[in-house]
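Numbering (my numbering), first residue to last: 6 to 144.
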(Lines of atoms letter the chains of each structure in order from A; the text may use other names.)
(Lines give C-alpha, C1' and ligand atoms only; values in the text may rest on other atoms or scores of the structure.)
Protein backbone atom coordinates (compact mmCIF):
# COMPACT_ATOMS: atom_id res chain seq x y z
CA UNK A 6 0.00 0.00 0.00
CA UNK A 7 1.39 3.37 -1.04
CA UNK A 8 0.59 6.12 1.50
CA UNK A 9 0.57 9.40 -0.43
CA UNK A 10 -0.01 12.89 0.96
CA UNK A 11 -1.43 14.95 -1.93
CA UNK A 12 -1.22 18.18 0.10
CA UNK A 13 2.51 17.91 0.86
CA UNK A 14 3.36 15.71 -2.17
CA UNK A 15 5.07 13.12 0.04
CA UNK A 16 5.10 9.34 0.41
CA UNK A 17 5.61 7.21 3.49
CA UNK A 18 7.98 4.24 3.55
CA UNK A 19 8.82 1.84 6.36
CA UNK A 20 12.08 0.06 7.08
CA UNK A 21 11.52 -3.71 7.18
CA UNK A 22 14.01 -6.40 8.14
CA UNK A 23 14.16 -8.88 5.23
CA UNK A 24 15.99 -12.15 5.88
CA UNK A 25 16.47 -12.71 2.14
CA UNK A 26 18.81 -9.72 1.92
CA UNK A 27 20.75 -10.50 5.10
CA UNK A 28 23.97 -11.35 3.25
CA UNK A 29 23.52 -8.87 0.40
CA UNK A 30 25.51 -5.64 0.21
CA UNK A 31 22.29 -3.65 0.78
CA UNK A 32 21.83 -5.39 4.12
CA UNK A 33 18.65 -6.74 5.69
CA UNK A 34 16.93 -3.39 6.38
CA UNK A 35 14.93 -2.41 3.30
CA UNK A 36 12.89 0.76 2.77
CA UNK A 37 9.50 -0.40 1.48
CA UNK A 38 5.82 0.42 1.51
CA UNK A 39 3.64 -0.60 4.46
CA UNK A 40 2.07 -4.02 3.93
CA UNK A 41 -0.41 -6.36 5.55
CA UNK A 42 -1.32 -9.90 4.45
CA UNK A 43 -4.92 -10.59 3.53
CA UNK A 44 -6.30 -13.11 6.01
CA UNK A 45 -9.13 -15.48 5.02
CA UNK A 46 -12.36 -13.49 4.97
CA UNK A 47 -10.53 -10.13 5.02
CA UNK A 48 -11.17 -7.65 2.22
CA UNK A 49 -8.34 -5.94 0.37
CA UNK A 50 -9.45 -2.55 1.72
CA UNK A 51 -9.41 -3.92 5.29
CA UNK A 52 -5.81 -5.02 4.70
CA UNK A 53 -4.98 -1.50 3.47
CA UNK A 54 -6.61 0.04 6.56
CA UNK A 55 -4.75 -2.40 8.83
CA UNK A 56 -1.41 -1.61 7.16
CA UNK A 57 -2.04 2.11 7.63
CA UNK A 58 -3.03 1.66 11.25
CA UNK A 59 -0.38 -0.84 12.35
CA UNK A 60 2.60 0.25 10.26
CA UNK A 61 2.35 4.06 10.30
CA UNK A 62 -0.44 4.80 12.81
CA UNK A 63 -2.50 6.77 10.30
CA UNK A 64 -5.95 6.70 8.69
CA UNK A 65 -6.49 6.84 4.96
CA UNK A 66 -8.58 9.62 3.44
CA UNK A 67 -9.36 7.61 0.31
CA UNK A 68 -7.91 4.64 -1.59
CA UNK A 69 -7.31 3.85 -5.22
CA UNK A 70 -6.45 0.46 -6.70
CA UNK A 71 -3.09 0.49 -8.51
CA UNK A 72 -2.93 -3.09 -9.73
CA UNK A 73 -2.03 -6.65 -8.84
CA UNK A 74 0.73 -9.04 -9.82
CA UNK A 75 2.08 -12.50 -9.16
CA UNK A 76 5.37 -12.45 -7.27
CA UNK A 77 6.82 -15.33 -9.29
CA UNK A 78 4.17 -17.01 -11.46
CA UNK A 79 6.45 -19.85 -12.52
CA UNK A 80 6.98 -20.86 -8.88
CA UNK A 81 4.04 -19.60 -6.84
CA UNK A 82 0.42 -18.51 -7.00
CA UNK A 83 1.09 -15.70 -4.50
CA UNK A 84 -0.56 -12.51 -5.71
CA UNK A 85 0.11 -8.98 -4.45
CA UNK A 86 -2.59 -6.30 -4.56
CA UNK A 87 -1.31 -2.72 -4.56
CA UNK A 88 -3.32 0.33 -3.50
CA UNK A 89 -2.59 4.01 -3.07
CA UNK A 90 -4.05 5.60 0.06
CA UNK A 91 -4.44 9.34 0.40
CA UNK A 92 -3.17 10.46 3.81
CA UNK A 93 -2.23 13.57 5.78
CA UNK A 94 1.47 13.12 6.60
CA UNK A 95 1.19 15.74 9.36
CA UNK A 96 -0.72 13.13 11.39
CA UNK A 97 2.25 10.76 11.44
CA UNK A 98 4.38 10.86 14.55
CA UNK A 99 8.10 10.41 14.06
CA UNK A 100 9.08 6.77 14.48
CA UNK A 101 12.43 5.11 13.94
CA UNK A 102 11.20 2.85 11.14
CA UNK A 103 9.22 5.44 9.16
CA UNK A 104 10.61 7.65 6.40
CA UNK A 105 8.58 10.53 4.96
CA UNK A 106 9.95 11.27 1.48
CA UNK A 107 9.18 14.03 -0.96
CA UNK A 108 8.38 12.76 -4.44
CA UNK A 109 11.76 14.09 -5.60
CA UNK A 110 13.49 12.01 -2.89
CA UNK A 111 11.45 8.96 -3.93
CA UNK A 112 12.52 9.51 -7.56
CA UNK A 113 16.15 9.76 -6.46
CA UNK A 114 15.66 6.48 -4.59
CA UNK A 115 14.25 4.77 -7.67
CA UNK A 116 16.88 6.05 -10.08
CA UNK A 117 19.69 5.56 -7.55
CA UNK A 118 18.75 1.87 -7.09
CA UNK A 119 17.95 2.38 -3.41
CA UNK A 120 14.62 0.53 -3.46
CA UNK A 121 14.83 -3.25 -4.00
CA UNK A 122 11.21 -4.32 -3.57
CA UNK A 123 9.29 -4.70 -6.83
CA UNK A 124 5.97 -3.64 -5.26
CA UNK A 125 7.50 -0.41 -3.97
CA UNK A 126 9.15 0.34 -7.30
CA UNK A 127 5.96 -0.39 -9.26
CA UNK A 128 3.77 1.72 -6.95
CA UNK A 129 6.15 4.69 -7.03
CA UNK A 130 6.33 4.65 -10.83
CA UNK A 131 2.51 4.54 -10.89
CA UNK A 132 2.42 7.54 -8.53
CA UNK A 133 4.86 9.53 -10.68
CA UNK A 134 2.45 9.06 -13.60
CA UNK A 135 -0.70 9.81 -11.55
CA UNK A 136 0.30 12.41 -8.95
CA UNK A 137 -1.37 15.41 -10.63
CA UNK A 138 -4.64 13.51 -11.09
CA UNK A 139 -4.57 12.35 -7.45
CA UNK A 140 -3.82 15.85 -6.19
CA UNK A 141 -6.88 17.16 -8.04
CA UNK A 142 -9.02 14.26 -6.78
CA UNK A 143 -7.93 14.34 -3.12
CA UNK A 144 -7.44 18.05 -2.42
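Backbone N, C-alpha and C define an ideal beta-carbon position, used for all residues, glycine too.
Predicted, not measured: the structure shown is a model, and the values here were computed from it.
Problem set entry | Bridge-paired residues (DSSP) for residue 65 | The beta-bridge partner set that DSSP reports for residue 65 is empty.
Exercise. Name the DSSP beta bridge partners of residue 19, please?
Worked result: According to DSSP, which records beta bridges pairwise, residue 19 is partnered with 37, 103.
Problem set entry | Distance CB(residue 68)-CB(residue 90) smaller than 7 angstroms | When the beta-carbon positions are compared, residue 68 and residue 90 come within less than 7 angstroms of each other.
Problem set entry | Endpoints, alpha helix (DSSP H) assigned at residue 116 | DSSP places residue 116 inside the alpha helix (DSSP H), whose first and last residues are 108–116.
For this session: For residue 73, count neighbouring Cβ atoms within 10 angstroms of its own Cβ and tell me buried if that reaches 16, exposed if not.
Result: Classified as exposed, residue 73 has fewer than 16 neighbouring CB atoms from the shown chains inside 10 Å of its CB.
For this session: Compare the C-alpha of residue 15 against each of 7, 21, 117 and name the closest.
Result: The shortest Cα separation from residue 15 among 7, 21, 117 belongs to 7.
Exercise. In terms of residues, what are the limits of the beta strand (DSSP E) holding residue 133?
Worked result: Counting along the chain, residue 133 falls outside any beta strand (DSSP E), though it belongs to the alpha helix (DSSP H) covering 123–143.
Exercise. Span of the beta strand (DSSP E) holding residue 88?
Worked result: 84–91 is the span of the beta strand (DSSP E), which, as asked, contains residue 88.
Exercise. Between the beta-carbon of residue 102 and the beta-carbon of residue 20, is there less than 7 angstroms?
Worked result: Result yes, Cβ atoms of residue 102 and residue 20 sit closer than 7 angstroms.
For this session: Identify every residue that forms a DSSP beta bridge with residue 73.
Result: Assignment of beta-bridge partners to residue 73 by DSSP yields 86.
Problem set entry | residue 9 classed as buried or exposed, judged by whether at least 16 other C-beta atoms fall within 10 angstroms | With 16 or more other Cβ atoms within 10 Å, it is buried.
For this session: Output the boundary residues of the beta strand (DSSP E) element that contains residue 80.
Result: Premise fails: residue 80 is in no beta strand (DSSP E) and is neither H nor E.
Problem set entry | Sequence-distant residues of its chain with Cβ nearer than 7 angstroms to residue 70 (five each side left out) | Closer than 7 angstroms at Cβ, skipping near neighbours: 88.
Exercise. When DSSP labels each residue in this structure, what does residue 27 get in the three-state scheme?
Worked result: Coil at residue 27, not helix or strand.
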